[in-house]
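Numbering (our numbering), first residue to last: 188 to 580.
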């Protein structure tokens, strides 16, 4: 059972994989970066100043192998962004980070600057943090517009929590929450049962400006496309201690009373965060790199904590969903992902591949429907003609 694996063992495996497996990089004019902070207290709060690569892995292995470390529980830091009208990320759950600025020397520098601005936490403080490495770049994409930007995730270990400052969310952040790592691991043991869906109007997300005026062509498009349903993971808070879970009472102005892009979706409750989209895909790779054994040894039939690609309305697009699910099982199974396949592993195109497939399937599905209607109309006309001829004779 994945949930029974000591968290120290998972963190040690994560450090080994990040040091040994280079992250896949994607090119795009617009870039962003996020910081994935894993908190796990090491025995004695060891100094890891300046250690990198193999030296860092060896030092961590020595500490994490101790019996005291095996009892520690790891936690992952998530934030909920403040709600602002017109902001496509308004209210979303994710990791601290943001857009790369011209003054940033690297994606890692962007992640560190944004984390300092958003939470008041300096990830360069070696007394508390160790940089483990980066995950594959993730492309944020849409159905019609393709990739919008590339996000680079960088992983940090908070090994001495006592040396780290308290989280101080800025007005850009509504709340910062520590989530127990077991919340992610238990998705390995029960991947299907743990999933819910978060749905959006496809037309509204494709053309948000038109969604406000709702012209005739938009209403027709919305009626044809329907809704898209993303897999979503509910993650329970690690606790209610104010030092760990910080709510920002000044989270910015009230959201637009009728924001079409978010469809009135709530991304958190009083006890849970709802993780979806590219943040869920980043968490998927984090879990993959933490597992000390092949997934089939832990849970036969396991694919990933993301569950599946998003689904279109079943009543409107059953044929599209059938093909999408078949391709997903073929292409995105664990045997084709890092760390179980190091050569020719999957590119960081999870959503771009999905939306690219939809751009092919939608015209084919519409053509198939039109052909079927044409065939039925011809058959009906032929039948009517024969009946008319029969009556005359």
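By construction, the Cβ of each residue, glycine as well, lies at the ideal position given by its N, Cα and C atoms. All values derive from a computational prediction rather than experimental measurement.
Quick check on residue i: does DSSP put it in helix, strand or coil?
i	result
residue 194	helix
residue 238	coil
residue 513	helix
residue 308	coil
residue 253	coil
residue 459	strand
residue 617	Residue 617 is absent from the structure shown; the chain starts at 188 and stops at 580.
residue 388	strand
residue 203	helix
residue 320	strand
residue 344	strand
residue 285	strand
residue 488	coil
residue 291	coil
residue 211	coil
residue 359	coil
residue 494	coil
residue 189	helix
residue 438	Low local confidence applies: a pLDDT of 37 at residue 438 is under 50, so the model's placement there is unreliable, and no value is given.
residue 523	helix
residue 300	helix
residue 405	helix
Taking the continuous beta strand (DSSP E) assigned at residue i, which residues delimit it?
i	result
residue 421	414-423
residue 465	Note, residue 465: premise wrong, no beta strand (DSSP E); alpha helix (DSSP H) at 464-477.
residue 502	That residue, residue 502, is in no beta strand (DSSP E); it is neither H nor E in DSSP.
residue 226	218-226
Checking the sheet assignment: what are the DSSP bridge partners for residue i?
i	result
residue 325	338
residue 265	364
residue 245	In the DSSP output, where bridge partners are listed per residue, residue 245 has none listed.
residue 280	267
residue 383	419
Would you kindly report the start and end of the unbroken alpha helix (DSSP H) that includes residue i?
i	result
residue 539	537-579
residue 376	369-376
residue 485	482-485
residue 399	395-400
Given a cut-off of 8 Å on the beta-carbon distance, is the pair residue i and residue j in contact?
i	j	result
residue 541	residue 504	no
residue 342	residue 244	no
residue 328	residue 538	yes
residue 208	residue 259	no
residue 278	residue 267	yes
residue 206	residue 320	yes
residue 375	residue 561	no
residue 345	residue 353	no
residue 366	residue 389	no
residue 467	residue 544	no
residue 337	residue 324	yes
residue 322	residue 188	no
residue 154	residue 310	Here the chain has residues from 188 to 580 only, and residue 154 is not among them.
residue 256	residue 229	yes
residue 283	residue 221	yes
residue 525	residue 476	yes
residue 528	residue 522	yes
residue 215	residue 334	yes
residue 424	residue 280	no
residue 326	residue 210	no
residue 269	residue 360	yes
residue 372	residue 192	yes
residue 339	residue 218	yes
residue 473	residue 223	yes
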